[in-house]
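Colleague:
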Amino acid sequence: MYDSYNRHITYLRISVTDRCNLACKYCMPEQVKGVLRGSEIQDFEEITQIVRTLAPLGISKIRLTGGEPLVRKGLDELIRMISGIDGIREITMTTNGLLLAGMAHRLALAGLDRVNISLDTLDPDRYREITRGGDIRRVKAGIDSALKAGLNPLKINCVITPDTTAGEIEKLKEYCHSNDLGLRFIRQMNLGTGKFWKVEGGEGGHCRICNRIRLTADGRFIPCLFSEKEFGIREHGIEGAFTRAIQQKPEKGRVNSRNTFYSIGG
Ligand code: SAM
Ligand code: SF4
998 MYDSYNRHIT YLRISVTDRC NLACKYCMPE QVKGVLRGSE IQDFEEITQI
1048 VRTLAPLGIS KIRLTGGEPL VRKGLDELIR MISGIDGIRE ITMTTNGLLL
1098 AGMAHRLALA GLDRVNISLD TLDPDRYREI TRGGDIRRVK AGIDSALKAG
1148 LNPLKINCVI TPDTTAGEIE KLKEYCHSND LGLRFIRQMN LGTGKFWKVE
1198 GGEGGHCRIC NRIRLTADGR FIPCLFSEKE FGIREHGIEG AFTRAIQQKP
1248 EKGRVNSRNT FYSIGG
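Going letter by letter, the sequence shown gives residues 998 to 1263 in our numbering.
1) Could you give the distance in angstroms between the alpha-carbon of LYS1226 and the alpha-carbon of SER1012?
2) Note down the Cα distance separating HIS1174 from ILE1219, rounded to an integer number of angstroms.
3) Using DSSP bridges, identify the partner residues of ILE1011.
4) Helix, strand or coil: how does DSSP classify HIS1233 here?
5) Fully enclosed by the stretch 1085-1119, which beta strand (DSSP E) runs are 3 residues long or longer?
6) Kindly list the residues whose CB is nearer than 6 Å to the CB of THR1158, restricted to its own chain and excluding five residues on each side of it in sequence; keep chain order.
7) DSSP three-state call for TYR1002: helix, strand or coil?
8) Roughly how many angstroms lie between the CA atoms of LYS1170 and GLU1248, to the nearest whole one?
9) Can you say whether GLY1198 is buried or exposed, counting buried as having 16 or more other CB atoms within 10 angstroms of its CB?
10) Comparing alpha-carbon positions, which option in ILE1088, THR1092 and ARG1111 lies nearest ARG1016?
11) May I ask which residues mark the beginning and end of the beta strand (DSSP E) holding CYS1155?
12) Which partner residues does LEU1180 have in the DSSP bridge list?
13) Going by beta-carbon coordinates alone, are LEU1009 and LEU1148 separated by less than 8 Å?
14) Between SER1115 and the ligand SAM, is there a pair consisting of the residue's CB and a ligand heavy atom that are separated by less than 7 Å?
15) When every heavy atom of the ligand SF4 is checked, does at least one fall within less than 7 Å of the C-beta of CYS1155?
16) Spell out the partners DSSP gives ARG1217 in its beta bridges.
17) Classify GLN1245 as helix, strand or coil using the three-state DSSP reduction.
18) Tell me the rounded alpha-carbon separation between ASP1040 and ILE1059.
19) Would you please state the rounded distance, in angstroms, between the beta carbons of LEU1033 and ASP1177? I believe it to be under 8 Å.
20) Is any heavy atom in the ligand MG found nearer than 7 Å to the beta carbon of GLU1126?
21) In whole angstroms, give me the CA-to-CA distance for LEU1180 and ILE1006.
22) Here's the rule: buried if 16 or more other CB atoms are within 10 angstroms of the residue's CB, otherwise exposed. What is LYS1145?
23) Starting from the C-beta of LEU1097, find all residues in its chain whose C-beta is less than 7 Å away, skip the five residues before and the five after it, and write them out in chain order.
24) Output the distance between the C-alpha atoms of ASN1208 and ASP1000, rounded to the nearest integer angstrom.
25) Measure from the alpha carbon of LEU1061 to the alpha carbon of each residue in LYS1246, LEU1054 and ARG1069, then state which is nearest.
Rendered as structure tokens:
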């Protein structure tokens, strides 16, 4: 489907949970760890039905995100269910990587094509500080397993914060280069002020060619991160909510007072 600005919407980012096993400072307020009740979260059959409905309307690429998608039990089963749908050409996932080591092989077998792993620094203490408690060794083990499982090309997402040093960036570049990993820098965004801009090797602010739409874990389509518009499946049905979200996708992002990524999926 095309939106009002002639952008072809082909990419759906699905948040499968708003829960997370970390609480990164720029993403999730401390102590929150997700707010949706189990009964509000869409089950795998509902998500599969959404993808089945949207594939004929032009969605061909799916990215699973969260919260942390790997805290959702049986995620490989969901991947298996949606990878069999006609018209879905690629399934990817954005993860913090903590739980990946034990799961990468199963996810790849189920039909996952690629992963992006979020890693902002190689310094174990800084990593623990940014993520409020994360153990970087588990992320590195996750990266190794993903590579062994053939989840290629693997990209690292690095959020640049005001505290990021040039030295940290250099170390990440070297690590990615020697492990054959892509590296994408994302400037820390503040949805409330609408501040977002392109950084080297990164995305953000490409409104003119934005082909994506987001689905929250409780079944609301969000046409743009920097807008408060949302269209619930419970009110409008799958096709009705999706069509409204596309028709009302703004030309450019502005501001969003929600300002929390964990609930939208980043
Ligand atoms: N938990 C998974 C992870 O961390 O990769 C997936 C969800 S997370 C919300 C998706 C992406 O959003 C991550 O790469 C994260 O670094 C990024 N993100 C979160 N808050 C952000 C912010 N304020 N500005 C820019 N990127 C942010
Ligand atoms: Fe969790 Fe990802 Fe947000 Fe960090 S960025 S708190 S890992 S959802």
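All C-beta atoms in this analysis are idealised placements derived from N, C-alpha and C, irrespective of residue type, glycine included.
Modeller: Reading from the atomic positions:
1) Looking up residue 1226 in the sequence shown gives position 229. Looking up residue 1012 in the sequence shown gives position 15. Roughly 17 Å separates the two Cα atoms.
2) Taking the sequence shown and counting its residues from 1, the one referred to as residue 1174 is at position 177. Taking the sequence shown and counting its residues from 1, the one referred to as residue 1219 is at position 222. In a straight line, the C-alpha of HIS1174 is about 35 Å away from that of ILE1219.
3) Reading the sequence shown from its first residue, position 14 is the one you call residue 1011. Partner(s): LEU1061 and LEU1212.
4) Here residue 1233 refers to the residue found at position 236 of the sequence shown. Three-state result, HIS1233: helix.
5) 1087-1092 and 1111-1115
6) As a first step, residue 1158 must be located in the sequence shown, where it is residue number 161. If we look at THR1158 and ignore the five residues flanking it on each side, its Cβ neighbours are GLN1185.
7) What you label residue 1002 is simply residue 5 of the sequence shown in a count that begins at 1. Three-state result, TYR1002: coil.
8) If you number the sequence shown from 1, residue 1170 lands on position 173. If you number the sequence shown from 1, residue 1248 lands on position 251. The straight-line gap from Cα to Cα measures roughly 34 Å.
9) Here residue 1198 refers to the residue found at position 201 when the sequence shown is read from its first residue. Bear in mind that the predicted position of GLY1198 carries a pLDDT of just 36, short of 50, making it unreliable; the figure below should be weighed with that in mind. GLY1198 should be labelled exposed.
10) Position 19 of the sequence shown holds residue 1016. It is THR1092.
11) If you number the sequence shown from 1, residue 1155 lands on position 158. Following the DSSP letters along the chain, one finds CYS1155 inside the beta strand (DSSP E) bounded by residues 1152-1157.
12) In the sequence shown, the residue the question calls residue 1180 occupies position 183. Assignment of beta-bridge partners to LEU1180 by DSSP yields ILE1153.
13) By one-based count along the sequence shown, residue 1009 stands at place 12. By one-based count along the sequence shown, residue 1148 stands at place 151. No. Outside cutoff.
14) By one-based count along the sequence shown, residue 1115 stands at place 118. The answer is yes for SER1115.
15) If you number the sequence shown from 1, residue 1155 lands on position 158. Every heavy atom of the ligand SF4 is 7 Å or more from the Cβ of CYS1155, so no.
16) Position 220 of the sequence shown, counted from the first residue, corresponds to residue 1217. Answer by DSSP bridge pairing, in chain order: GLY1229.
17) In the sequence shown, the residue the question calls residue 1245 occupies position 248. DSSP, reduced to helix, strand and coil, places GLN1245 outside both helices and strands of the structure shown, so it counts as coil.
18) Taking the sequence shown and counting its residues from 1, one reaches residue 1040 at position 43. Taking the sequence shown and counting its residues from 1, one reaches residue 1059 at position 62. Near 17 Å, if we compare the C-alpha coordinates of ILE1059 and ASP1040.
19) The count along the sequence shown starts at 1 and reaches residue 1033 at position 36. The count along the sequence shown starts at 1 and reaches residue 1177 at position 180. Contact between LEU1033 and ASP1177 does not hold, since the beta-carbon distance rounds to 37 Å and is not under 8 Å.
20) With respect to the ligand MG, the structure shown offers nothing to examine, as its ligands consist of the ligand SAM and the ligand SF4.
21) In the sequence shown, residue 1180 corresponds to position 183, counting from 1. In the sequence shown, residue 1006 corresponds to position 9, counting from 1. In this model, LEU1180 and ILE1006 are separated by some 25 Å (Cα to Cα).
22) On the sequence shown, residue 1145 is found 148 positions in, with the first residue counted as 1. With fewer than 16 Cβ atoms within 10 Å of its Cβ, LYS1145 is classed as exposed.
23) Position 100 of the sequence shown, counting from 1, holds the residue named residue 1097. These residues qualify, in order along the chain: LEU1067, GLY1139, SER1142 and ALA1143.
24) Numbered from its first residue, the sequence shown carries residue 1208 at position 211. Numbered from its first residue, the sequence shown carries residue 1000 at position 3. Distance between the alpha carbons of ASN1208 and ASP1000: 9 Å.
25) Along the sequence shown, one-based indexing puts residue 1061 at 64. Considering only alpha carbons, the answer is ARG1069.
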